[in-house]
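Visitor: Numbering of the sequence shown is given in the numbering used here, commencing with residue 6 and proceeding in unit increments.
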Amino acid sequence: MNILKRIGAVLAGLIFIVITHNAVDLILEKTGIFTPFEQGFHTTWMVVTATVYRTILSIAGCYVTAALAPSRPVLHAMILGGIGFVLSGIAAIVTIPLDWGPAWYPIALIVLSPVCGWVGGKIYESRSIK
6 MNILKRIGAV
16 LAGLIFIVIT
26 HNAVDLILEK
36 TGIFTPFEQG
46 FHTTWMVVTA
56 TVYRTILSIA
66 GCYVTAALAP
76 SRPVLHAMIL
86 GGIGFVLSGI
96 AAIVTIPLDW
106 GPAWYPIALI
116 VLSPVCGWVG
126 GKIYESRSIK
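#1: If we require 4 or more residues per run, which alpha helix (DSSP H) segments fall completely within the region 45-79?
#2: Residues in the same chain with beta-carbon distance under 7 Å from Val52, minus the five sequence neighbours each way, listed in chain order, please.
#3: Candidates Met6, Phe90, Leu33 and Arg11: which alpha carbon is nearest Cys121's?
#4: For Gly94 versus Ile22, is the C-beta distance shorter than 7 Å?
#5: If you reduce the DSSP assignment to three classes, tell me which class Phe90 lands in.
Pasting the structure below:
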């Protein structure tokens with residue numbers, strides 16, 4: 006039963022990240038703040054903004070995972086960060102040749118994924134120790 010709780014914690018964080026990333030993307034696009042997806046993603050301030058909010062939301066998702074983990078919250082958050090690392094790597098391999106945006110953006114997401122896992126887990130751990 007504990008394994009199901011562990012898997013559920015990681016899945017909950019992953020689902021949180023996927024939903025929030027897509028929701029913010031859609032809101033920014035529909036309000037005209039970001040250009041439509043079909044036009045590409047080449048404006049520097051938009052790419053930096055997306056990097057920042059995706060980092061914050063990924064940390065929050067890893068926090069969710071840590072909070073739901075039955076034990077070793079930082080490890081579970083880091084597992085989610087590892088999943089993000091792999092998924093971001095696959096996305097980079099696919100998107101960089103398509104020139105949808107600057108190559109540094111998907112690379113930054115790869116590098117930031119494990120960091121988000123560690124930070125999210127550590128934030129949870131520091132708040133739960135008190």
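All residues carry an ideal CB built from backbone N, CA and C; glycine is no exception.
Guide: In this structure, then:
#1: 49-73
#2: Stepping through the sequence shown from its first residue, residue 52 is reached at position 47. Hits under 7 Å: Phe46, Gly106, Pro107 and Tyr110.
#3: For the purposes of this step, residue 121 is identified with residue 116 of the sequence shown, where counting begins at 1. Taking only the C-alpha atoms, the option nearest Cys121 is Phe90.
#4: As a position in the sequence shown, residue 94 is number 89, starting the count at 1. As a position in the sequence shown, residue 22 is number 17, starting the count at 1. Contact flag unset, no.
#5: In the sequence shown, the residue the question calls residue 90 occupies position 85. The answer is helix: DSSP assigns Phe90 an H, G or I state.
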